[in-house]
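The sequence shown maps to residues 1 to 1138 in UniProt numbering. Note that CB positions come from ideal geometry on N, CA and C, so glycine has one too. Please read the structure below before turning to the comments.
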Amino acid sequence: MALDHAPALRQTIDARTYAEPDALLTELKAQADLSPEDRAKITADAAGLVRDIRGTSAPGMMEVFLAEYGLSTEEGVALMCLAEALLRVPDAETIDALIEDKIAPSDWGRHMGHSTSSLVNASTWALMLTGRVLDDDQPGPVRHLRAAIKRLGEPVIRTAVSRAMREMGRQFVLGEDIQAAMKRARGMEKKGFTYSYDMLGEAARTEADAKRYHLSYSRAISAIADACTHDDIRKNPGISVKLSALHPRYELAQEEAVMRDLVPRLRALALLAKSAGMGLNIDAEEADRLALSLEVIDTVMGEPALAGWDGFGVVVQAYGPRAGVVIDTLYEMAQRHDRRIMARLVKGAYWDTEIKRAQVEGIDGFPVFTRKAATDVSYIANARKLLGMTDRIYPQFATHNAHTVAAVLHMADDPEAYEFQRLHGMGETLHDIVMQKHGTRCRIYAPVGAHRDLLAYLVRRLLENGANSSFVNQIVDEDVPPEVVAADPFDQLHDSVPSIPKGPEVFQPQRANARGFDLAHTPTLAAIEEARAHFAEATWEAAPLLAGEAAPEAAETVANPTGGASPGTVRPASKADVATALDTAAPWDAPLNTRRDTLLRAADMLEDRYGEIFAILAREAGKGLPDCVAELREAVDFLRYYAGQATNEPPAGIFTCISPWNFPLAIFCGQVTAALAAGNAVLAKPAEQTPLIAQLAVKVLHEAGVPRAALQLLPGGGEVGAALTGDARVNGVAFTGSTATALRIRANMAEHCAPGTPLIAETGGLNAMIVDSTALPEQAVQAIVESAFQSAGQRCSAVRCLYVQEDIAEDLITMLKGAMQALRMGDPWHLSTDVGPVIDDAARQTIVDHVEAARAEGRLIAELEAPEGGTFVGPAILKVDGISDMQREIFGPVLHVATFKSHELDDVIDAINATGYGLTFGLHTRIDDRVQHVSERIEAGNIYVNRNQIGAIVGSQPFGGEGLSGTGPKAGGPNYLPRFAAPDHQEASGTWDNAQQSLPALPAHLPTVLETQSMPGPTGESNRLSTLPRPALLCMGPGAETAAAQAKAVRALGGVAVEATGPIDPEALTTGPAYGGVLWWGDEETARQIDKALAAREGAIIPLLRGKPDTARVRAERHVCVDTTASGGNAQLLGMMA
1 MALDHAPALR QTIDARTYAE PDALLTELKA QADLSPEDRA KITADAAGLV RDIRGTSAPG
61 MMEVFLAEYG LSTEEGVALM CLAEALLRVP DAETIDALIE DKIAPSDWGR HMGHSTSSLV
121 NASTWALMLT GRVLDDDQPG PVRHLRAAIK RLGEPVIRTA VSRAMREMGR QFVLGEDIQA
181 AMKRARGMEK KGFTYSYDML GEAARTEADA KRYHLSYSRA ISAIADACTH DDIRKNPGIS
241 VKLSALHPRY ELAQEEAVMR DLVPRLRALA LLAKSAGMGL NIDAEEADRL ALSLEVIDTV
301 MGEPALAGWD GFGVVVQAYG PRAGVVIDTL YEMAQRHDRR IMARLVKGAY WDTEIKRAQV
361 EGIDGFPVFT RKAATDVSYI ANARKLLGMT DRIYPQFATH NAHTVAAVLH MADDPEAYEF
421 QRLHGMGETL HDIVMQKHGT RCRIYAPVGA HRDLLAYLVR RLLENGANSS FVNQIVDEDV
481 PPEVVAADPF DQLHDSVPSI PKGPEVFQPQ RANARGFDLA HTPTLAAIEE ARAHFAEATW
541 EAAPLLAGEA APEAAETVAN PTGGASPGTV RPASKADVAT ALDTAAPWDA PLNTRRDTLL
601 RAADMLEDRY GEIFAILARE AGKGLPDCVA ELREAVDFLR YYAGQATNEP PAGIFTCISP
661 WNFPLAIFCG QVTAALAAGN AVLAKPAEQT PLIAQLAVKV LHEAGVPRAA LQLLPGGGEV
721 GAALTGDARV NGVAFTGSTA TALRIRANMA EHCAPGTPLI AETGGLNAMI VDSTALPEQA
781 VQAIVESAFQ SAGQRCSAVR CLYVQEDIAE DLITMLKGAM QALRMGDPWH LSTDVGPVID
841 DAARQTIVDH VEAARAEGRL IAELEAPEGG TFVGPAILKV DGISDMQREI FGPVLHVATF
901 KSHELDDVID AINATGYGLT FGLHTRIDDR VQHVSERIEA GNIYVNRNQI GAIVGSQPFG
961 GEGLSGTGPK AGGPNYLPRF AAPDHQEASG TWDNAQQSLP ALPAHLPTVL ETQSMPGPTG
1021 ESNRLSTLPR PALLCMGPGA ETAAAQAKAV RALGGVAVEA TGPIDPEALT TGPAYGGVLW
1081 WGDEETARQI DKALAAREGA IIPLLRGKPD TARVRAERHV CVDTTASGGN AQLLGMMA
């Protein structure tokens, strides 16, 4: 690593990643070295600058626009969303829908005539008229007239709004190509400004993207070279380069590939820039890329052919606690390589992203300051540091803030030793004044690029500067006194501001969040490696853990799906072991607080054993490190969540828990701890392929204090599962696995268990995702790749069928193929591995056969070659006409792709619903009305918008499906634990005395939302859990009075009931309507006949209820998770912090 040359700096960078801000700010205040008198003078000078700015000509368009449409207005947010998407949408129908969605609901009239700019007023007038035309919520003839105008006017509106967006872009982007930008730059160059050109675009998603960006940078450098006429490189224009644009996998996990492929590309650009006599700046990116960036920078800076060139530049973000030590590191590099370099100091561009990532990952701290004043103080302190390093570093201070400018002017002696920088379209008046008064230099950072690329840049600027507290926003507001605009940030540190919960605090006060592991933080990776290393070649033994004596059985080898050494052996449970377990099982009758404390203790113990757990998951289940982290965190979350949900309700008795191999710790712990939290005795059967991790979990629970009689482990195959679900003493079963196995368990229970014994089944799905033409392709592709191929596609939530609007299909599928090609397959132990093996050879063969059949039919779009050995399967993309082509779920890294026309959206939804499955669904769109419409129509338990559709979070995104995908209630949700309590058995108050009746018809099922609650979660996400009626429950009495009581109980919970009017032949239920459930409070013999008839049905599992229903019996649960930052950033968080 670059910092191996300076271990003390390396250690400080690592230590400061998540440093506590208070101690650091004390250090920064000392580093700034400003007395109270200095600070008072700076504030007075800054207030004077504000007065000068207000006293000159009209402020710039960007300042005016932000003042009028800031983040505090709905219109500002709507405009931001519209600007982000409009110009990339190719089809008229979707453009019209997008414009109507963003403009019609807003109150543009409020802004009419407010602005000092005629252009902003003209835009407001046009938007107000458009909004009035598009608003359908008007009565009578006015509405019909509007409809006519709207129909005739759509092309006109479309053109006008597109022009407005382009004009907005033109204000803030210098040109669509480098030649146009340089031509337009001449005016400002005559006024003494120089330029740094920034080529717009998202990070590369594919190798083709990276090569295209590299060529674009090379051509730009060649074009700019003609304008490099000065011997002094500081007076020539320069270029800014994003490292993430030069490599599709610019992340620490892919360090080896990055150093191999990206370094030569950057070196070539630097050599071109040197020969042109210009500067080349490396843009700063997200905090998790900093260590890798420094490695790349050090390697290229040390290139001998670059000796004598003073133009190599690096951007440093002041909002990061590491900013100062990064500057020290750059200075050390410059000394070691004998270079003079440039350093551009900026406030920072990814603040909201960093906050969200830290919360999502559960990290105890933030890699950025959470207060604007702290960032401002950091900026001033680090400006002081840079001004003391001018023997090696040419400081470039990028700011539009008068106070920051005044501070730099106060601290600096020689105006030749540094320069200011500003964004094109912003801060012009401020820097004009400063250049004239103080003889400083100023460089304009100027974006260059096509209209479709400029909007992401525009949205970032809106977000950074649109908050009410921002300098840019306040400068044009004459009501804000100059002294307030130019307030001293050192004083503001003492002001109270809303605190942002850290990762561990996101779910407080209900529970602590599971411990996070930052896999881009070198010390964290080192700690994981040290903890895992002890278990790299260890072996474990799984065997029945019973309250009585286990029968001796021969041990079997546990396979390692990578083809490596076996992680251990398992002794399967025998029939005698099952009998012993059932004989000795005893509900956990400890006091509620004891149960809670025990489960919380077990959660802590699991976290402490992370090294061993990660090792077993990699070697037994083939899981990569990110999946291991997520699995442990989910298991811990389940323990803490259910401990908090536990009540004193009497338990069901004995619960059998059968868990799958794809989440062998998380789902295993989820089922077991829910049953234990309710006070049951648990008989746990892990998947045949993954007994070792289950053995560890059960031992931890026993060590934490769960009695042996309350939790027994019975590893084994299907025969063990059959014995554990076919005994009258079993009072409930929790199962996660295939739909076919769930139906076999249901039939076994109907035959042997008491009628109505609850089965909680979470089964598979034919999960779909729809991407319309408003979606950002780079974002959608990232979500598709994660949803289809992470965990080798072995998630029940994984997307199986992708529908892409045909207007964007060709480009999106090309990008998707490229992104898939950039995935790395191999040993999941290595951090660089994206796709590991599938679980066993049977799974591998099923997937291979499916792909081969598609290849033979000419439907194979792309595939990756699988490594030799083990049970690896290369990810594949197959063409289908639609989801109806898929007869079953292929549980692996295979994505089926179909296209649709924009007007066919409802047909696609109907086709998805027609499969009968309803687990997860993904939607990528920028049209809010479409999100609402699709969410209301799609029949899926978990709906994800503008993000991937995997990785549900306990207590935030309760997980579970409907129809063929499960019975409910949702795991990790408020209705799950009650199902483990003793059912409220009822006795009939009458009998039927008339002849047998036919089954009543199922009433039309109208999915009316009964209740919606917001769930806790990280910033930048909306998580809402709704309930709606299940299909009608059949109330069979016996007797009219009992049937009426049953119907009343169902309706009291918001459900739909149909009452029998006489006795019904149980056999009729095998083929009758698909009721949501059947209530029978009569004799046990009839109950068993009903249960067997229901179990014999094909399709969704229909329960028999022998008592009053709970909420989840009559209501289906649906969860919608929306990434609210998808349109460019977190307006809500930035607005709140203002």
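Cβ neighbours of residue i in the same chain (closer than 7 Å, five flanking residues each side left out)
i: Leu28; result: Val377, Ser378 and Ala381
i: Arg201; result: Per the sequence shown, the amino acid found at residue 201 is Gly instead of Arg. Tyr213, Ala245, Gly449 and Asp453, listed in sequence order.
i: Phe490; result: Lys29, Arg39 and Val377
i: Gly869; result: Gly563
i: Arg640; result: Arg511, Ala512, Leu600 and Ala603
CA-to-CA distance, residue j to residue i, given in whole angstroms
i: Arg553; j: Trp540; result: It is Glu, not Arg, that sits at residue 553 in the sequence shown. Between Glu553 and Trp540, the C-alpha separation is close to 16 Å.
i: Val480; j: Gly55; result: 14 Å
i: Arg947; j: Pro777; result: 12 Å
i: Leu1002; j: Ala798; result: 32 Å
i: Thr557; j: Ile839; result: 15 Å
i: Leu423; j: Arg166; result: 18 Å
i: Ala697; j: Leu606; result: 8 Å
i: Ala85; j: Ile770; result: 17 Å
i: Gln845; j: Gly892; result: 11 Å
i: Arg163; j: Ile99; result: 13 Å
i: Met80; j: Asn236; result: 34 Å
i: Val133; j: Thr774; result: Low local confidence applies: a pLDDT of 49 at Val133 is under 50, so the model's placement there is unreliable, with the coordinate-based value given in what follows. Approximately 22 Å, taken between the alpha carbons.
i: His431; j: Tyr418; result: 14 Å
i: His1032; j: Val730; result: His is not the amino acid found at residue 1032; the sequence shown has Ala there. Ala1032 and Val730: Cα-Cα distance of roughly 28 Å.
i: Leu1034; j: Val1078; result: 5 Å
i: Glu786; j: Ile950; result: 8 Å
i: Leu266; j: Glu93; result: 42 Å
i: Ala526; j: Gln689; result: 30 Å
Closest residue to residue i among the options (Cα-Cα distance)
i: Asp906; options: Asp772, Phe663 and Ile297; result: Asp772
i: Val1009; options: Val1114, Ala160 and Leu545; result: Val1114
i: Ile363; options: Thr1061, Ala1116 and Val629; result: Val629
i: Gln11; options: Gly308, Asp91, Pro523 and Ala220; result: Pro523
i: Phe420; options: Met426, His403, Gln436 and Thr440; result: Thr440
i: Ala1049; options: Lys1108, Leu1094, Asp1065 and Pro1073; result: Lys1108
i: Ala565; options: Gly622, Val360, Gly961 and Ile613; result: Gly622
i: Asp177; options: Lys190, Ala160, Met168 and Tyr197; result: Tyr197
i: Leu714; options: Gly705, Ile760 and Leu724; result: Leu724
i: Pro572; options: Tyr445, Gln508, Gln821 and Leu546; result: Leu546
Bridge partners - residue i, DSSP secondary structure assignment
i: Tyr394; result: Met342
i: Glu1021; result: Asp1123
i: Met825; result: Val835
i: Asp1083; result: The partner list for Asp1083 (beta bridge, DSSP) is empty, contrary to what the question assumes.
i: Ile444; result: Tyr195 and Arg422
i: Asn942; result: Thr920 and His1119
i: Cys657; result: Ala684 and Ala734
Outcome for residue i when other beta-carbon atoms lying within 10 angstroms are tallied against a minimum of 16
i: Thr1019; result: buried
i: Arg234; result: buried
i: Leu802; result: buried
i: Cys1121; result: buried
i: Asp488; result: buried
i: Leu215; result: exposed
i: residue 1139; result: Residue numbering for the chain in the displayed model covers 1 to 1138; residue 1139 lies beyond these limits and cannot be assessed.
i: His144; result: Confidence at His144 is low in this model, with a pLDDT of 47, below 50, so the placement of that residue should be treated as unreliable; the coordinate-derived value is given next. His144 is exposed by the Cβ-count criterion.
i: Glu703; result: exposed
6 Å Cβ shell around residue i - same chain, five flanking residues per side excluded
i: Ser574; result: Ala551 and Glu553
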